[in-house]
Structures are given as structure tokens and as C-alpha cells.
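Data first, discussion second: the structure below is written as C-alpha cells.
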Amino acid sequence: MKPILRNIIHTAQDIFLNVLLPKTCAGCGKANESFCEPCRFASYKNGAQCLICGFRDNTGKICRSHLGVKSDFNQQSIEIGLRRVIWVGNYNGQLKEAIWQLKYKKRKELAKPLGELLYKKFHEIFGSPTYLGSRTSEAKNFVVIPIPLHFKKEYERGFNQAGLLAQEFGKLSNIRCLTNALVKTRETKAQVAVENKEARIKNLDGAFEINQKQFNHLTTQQFNNLTIVLIDDVSTTGATLIHASEALAKA
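Each position in the sequence shown, counted from 1, maps to that position plus 656 in this note's numbering.
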């Protein structure tokens with residue numbers, strides 16, 4: 657099926673579902689809300705996060721797991737330039753339900769409130785990110801890139817949920833979003849179905865490649881000076897982010 661025809665069919669399905677099924681909050685079921693303010697507030701985690709893995713910890717800058725420990729995640733992430741992981745909240749309750757409905761109920765309208773939560777967390781940690789894209793010289797140094805799906809998975813779903821989140825984040829932060837900058841070259845097991853951290857890392861070994869066409873407008877120096885904001889919907893061990901960062905680092 658041609659991509660244009662496929663997109664038309666998926667759009668028609670979305671309209672059909674929106675007509676038949678009135679919009680309700682993914683967290684509590686409140687009418688005429690996709691993800692209401694109280695549910696967003698309940699999903700959002702304030703406070704310090706570990707500079708290495710993003711885990712929220714009372715100790716502040718470094719969580720107990722990484723305090724004084726040269727962990728695999730710490731060392732590997734530093735070597736490939738993955739400087740920091742941040743996350744909005746725990747994958748449970750209202751947040752888990754919203755992400756699940758976005759992905760499996762095809763409620764693409766949830767990308768907007770979820771993208772706003774990503775922006776809010778980014779703002780909390782780094783200050784107002786809008787300045788990053790407010791001037792031409794600065795905007796060129798930042799890009800937003802979503803973690804890709806394999807093309808078969810994206811075909812089945814009709815969209816890449818991380819791509820939708822990245823687009824919403826890019827709009828709010830005024831940072832350019834390159835939705836096709838990374839390509840997933842082979843099908844892999846879902847990370848949640850893989851038992852342990854080591855197996856999850858191996859599961860994604862060599863699964864990502866850079867789409868060089870997305871960066872042809874940049875010189876080598878400009879590319880090397882980029883600060884890339886990688887966005888995914890769920891992160892557990894950080895394996896996906898590590899492998900995606902490796903692909904970008906090799907370019």
C-alpha cells in the first residue's frame with residue numbers, strides 16, 4: 657500500500673473513532689478532556705533527578721545507585737556523549753494509562769498533553785528552553801530526535817508515538833524536530849518482554865542507524881556541535897537511548 661493512501665486510511669479511521677467515541681480523560685474518564693489537569697499533576701514528578709540515569713532521588717544530583725559507582729550505564733553513556741537522562745514520572749497510574757492509550761488505542765491527541773509534560777520537565781531542569789531556539793545561531797545547535805520504530809511496527813500502528821511527542825516538544829521549545837533522523841534497521845523484541853538489563857542491551861545491538869540525508873545541510877563541524885534531545889515514550893534501563901546515541905555518535 658502506498659504511503660499516501662495508508663495515511664488517508666489512518667486519518668479516516670481517526671475521524672471515525674473520534675465521532676463514535678467521545679473524548680474522555682485517559683487518566684480518570686472525565687468527559688471532554690484528553691488528559692485533564694489533575695491527572696497530569698498526579699503523573700508529574702517534581703524534584704531532583706540523578707544526573708546519570710534520571711532517577712528521582714532525595715540525595716539530589718546523583719542517585720544512590722550511581723553515587724561513587726562507575727556503573728555500566730554511567731561509563732557507556734559518557735563514552736558516547738549521552739550526557740543526561742530526564743523523565744516526567746513513574747510509568748504507572750494515570751501516566752501509564754495515557755501512554756498506553758496513545759500507543760494502542762491510537763489516541764494521538766494525547767501526544768499534546770504528554771509533550772507539554774516533557775517540556776515542563778525540561779524547563780524545570782534547564783530553565784526556559786525557548787531561548788535555545790530564539791536566535792538563529794543558537795537554534796542551529798539544537799535538534800529534537802525521536803526514537804524510531806521499525807517500519808513494520810510503524811505501518812501497523814500508523815504512527816510513531818515518540819515522533820508525535822518529539823513534534824509537540826519541538827513546537828513548545830522552538831527547537832527543530834528531525835522525525836526521520838534515526839532509522840530502526842531490524843525488528844526487535846519489545847524491551848518490556850526482555851528479562852534483564854544485559855539482555856535488553858543485546859536485544860538492541862546495532863538496531864539503529866542515522867539517516868544521513870537529514871543532516872546533509874550541515875557541515876561536519878556543525879554536526880559535531882549539535883546538542884541532540886532524544887525523546888522516547890518509556891525508558892527502563894536506558895538501553896534504547898544508549899544504542900540510539902551510539903548510532904548518532906558514529907556518524
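Cβ coordinates follow ideal geometry from the N, Cα and C atoms, glycine included. As the structure is a prediction and not an experimental result, all values here were calculated from the model.
Span separating the alpha-carbon of residue i from that of residue j
i, j, result
"Asn-852", "Leu-751", "23 Å"
"Glu-689", "Ala-895", "34 Å"
"Trp-756", "Gln-817", "10 Å"
"Phe-825", "Ser-901", "19 Å"
"Leu-758", "Ile-742", "21 Å"
"Glu-938", "Ile-831", "One cannot answer for residue 938 here, as it falls past the ends of the chain, which runs 657 to 907."
"Thr-875", "Leu-838", "18 Å"
"Glu-812", "Ala-682", "22 Å"
"Gly-914", "Leu-738", "What is shown of the chain runs 657 to 907, which leaves residue 914 out entirely."
"Leu-821", "Gln-868", "22 Å"
Per-residue DSSP class, three states only, for residue i
i, result
"Thr-883", "strand"
"Arg-842", "coil"
"His-779", "helix"
"Glu-902", "helix"
"Pro-694", "helix"
"Ser-790", "With a pLDDT of 47 at Ser-790, under the threshold of 50, the modelled position of this residue cannot be trusted, and the question is left open."
"Arg-763", "coil"
"Glu-810", "helix"
"Ala-863", "coil"
"Val-848", "helix"
Cutoff 7 Å; reference residue i; Cβ partners in own chain excluding five residues on either side
i, result
"Ile-884", "Val-799, Ile-801, Leu-904"
"Gly-819", "Pro-802, Thr-835"
Local Cβ density within 10 Å of residue i, reported as buried at 16 or more and exposed below that
i, result
"Arg-763", "buried"
"Ala-687", "exposed"
"Glu-854", "exposed"
"His-899", "buried"
"Pro-678", "exposed"
Same chain, Cβ closer than 8 Å to residue i, neighbours up to 5 away in sequence not counted
i, result
"Thr-844", "His-806, Asn-859, Leu-860, Ala-863"
Whole-number beta carbon distance between residue j and residue i, since they are thought to touch under 8 Å
i, j, result
"Lys-701", "Asn-746", "7 Å"
"Val-744", "Leu-774", "6 Å"
"Phe-815", "Ala-754", "Not confirmed; about 16 Å, so no contact."
Cut-off 6 Å between Cβ atoms - residues of its own chain near residue i, not counting five sequence neighbours on either side
i, result
"Ala-698", "Gln-750"
"Arg-856", "Gln-847, Val-850, Thr-893, Ala-895"
"Lys-761", "none"
Any non-hydrogen atom of the ligand MN closer than 7 Å to residue i Cβ
i, result
"Glu-854", "Absence of the ligand MN from the depicted structure is noted, as is the absence of any ligand whatsoever, leaving it without description."
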